[in-house]
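Chains as they are written, first to last, in the working numbering: chain Z, 1 to 110; chain P, 1 to 115. Even glycine gets a Cβ: it sits at the ideal position worked out from N, Cα and C. These figures come from a predicted structure and were not determined experimentally. Below is one structure, written out as structure tokens, with a few remarks after it.
In structure tokens, the structure reads:
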């Protein structure tokens, strides 16, 4: 199977930037995604990046993709307490199946 | 928009009973739907891919006779957990693919507790 790895925990102070990292193994993936999951809820699509892009910015969110190193990151500027959640990266694989990372639990300290 | 709903949100049942979970795409047609399972503090594990009008494709290790999937229309897929046991207790999440888009839109999840 596909390995998509993330660090499990991240704590930041309110107003600081958060950077969540993800590494993957399949270099043939076409799209990479970031989803947010709040406690007891489903997944909310945050953003995605096409594999031929290096960077994508969407308001407070910046996605960086280093395809050579198979490394994806999500930067959240001016992190707020409402950003506390679990963040999953995912890559699309054959048959349009997603493989999810292990998830990073972000805690924002007021 | 691309809204996906699941019903029920919560279900508690006795061991040995069967439970049906519905996944609906509310404002779009979904030719492909996916079923995932998530254990506490863990990532999502794909269980099966469901295409409208055809048999579901199950991931390795998922019992197709235990987890019955029916994708009868372009807006509805159902997952039936047959003869549920406590180890089937989990958070089940569906997603739907909108047209030819690669993006999957997720439902809010169904929490199943088998006593």
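Distance CB(residue i)-CB(residue j) smaller than 8 Å
{"i": "residue 58/Z", "j": "residue 47/Z", "result": "yes"}
{"i": "residue 102/Z", "j": "residue 5/Z", "result": "yes"}
{"i": "residue 45/Z", "j": "residue 105/P", "result": "yes"}
{"i": "residue 109/Z", "j": "residue 14/Z", "result": "yes"}
{"i": "residue 83/P", "j": "residue 16/P", "result": "yes"}
{"i": "residue 11/Z", "j": "residue 79/Z", "result": "no"}
{"i": "residue 81/P", "j": "residue 66/P", "result": "yes"}
{"i": "residue 106/Z", "j": "residue 72/Z", "result": "no"}
{"i": "residue 41/P", "j": "residue 115/P", "result": "no"}
{"i": "residue 98/Z", "j": "residue 79/P", "result": "no"}
Residue span of the beta strand (DSSP E) that contains residue i, given as start and end
{"i": "residue 54/Z", "result": "Where residue 54/Z is concerned, there is no enclosing beta strand (DSSP E), given that its DSSP letter is neither H nor E."}
{"i": "residue 28/Z", "result": "Where residue 28/Z is concerned, there is no enclosing beta strand (DSSP E), given that its DSSP letter is neither H nor E."}
Same chain, Cβ closer than 8 Å to residue i, neighbours up to 5 away in sequence not counted
{"i": "residue 11/P", "result": "19, 21, 110, 111, 112 and 113"}
{"i": "residue 9/P", "result": "108, 109, 110 and 111"}
{"i": "residue 54/P", "result": "71"}
Neighbour list for residue i in chain B, Cβ cutoff strictly below 7 Å
{"i": "residue 29/P", "result": "Protein chains Z and P are contained in the structure displayed, whereas chain B is not."}
Residues near residue i in its chain [Cβ-Cβ closer than 6 Å; skip 5 each side]
{"i": "residue 91/P", "result": "38, 109 and 111"}
{"i": "residue 50/P", "result": "33, 56, 69, 71 and 77"}
{"i": "residue 1/P", "result": "27"}
{"i": "residue 22/Z", "result": "6, 72, 89 and 101"}
Bridge partners - residue i, DSSP secondary structure assignment
{"i": "residue 11/P", "result": "112/P"}
{"i": "residue 106/P", "result": "95/P"}
{"i": "residue 90/Z", "result": "33/Z and 100/Z"}
{"i": "residue 81/P", "result": "19/P and 67/P"}
{"i": "residue 34/P", "result": "49/P and 95/P"}
{"i": "residue 85/Z", "result": "106/Z"}
{"i": "residue 9/Z", "result": "105/Z"}
{"i": "residue 62/Z", "result": "57/Z and 75/Z"}
{"i": "residue 19/Z", "result": "75/Z"}
{"i": "residue 29/P", "result": "None; residue 29/P has no bridge partner."}
7 Å CB neighbourhood of residue i in its chain, flanking five on each side removed
{"i": "residue 30/P", "result": "74, 75, 96, 97 and 98"}
{"i": "residue 100/Z", "result": "4, 88 and 90"}
{"i": "residue 93/P", "result": "36, 38, 44, 106, 107 and 109"}
Chain P contacts made by the segment 20-47 of chain Z, where a contact means CB separation under 8 Å: 30, 31, 33, 35, 40, 41, 42, 43, 44 and 45
Where the segment 80-91 of chain P meets chain Z: residues whose CB sits under 7 Å from a CB there: none
Under 8 Å (Cβ pairs) to chain Z, residues found in the segment 97-109 of chain P: 97, 102, 103, 104, 105, 106, 107, 108 and 109
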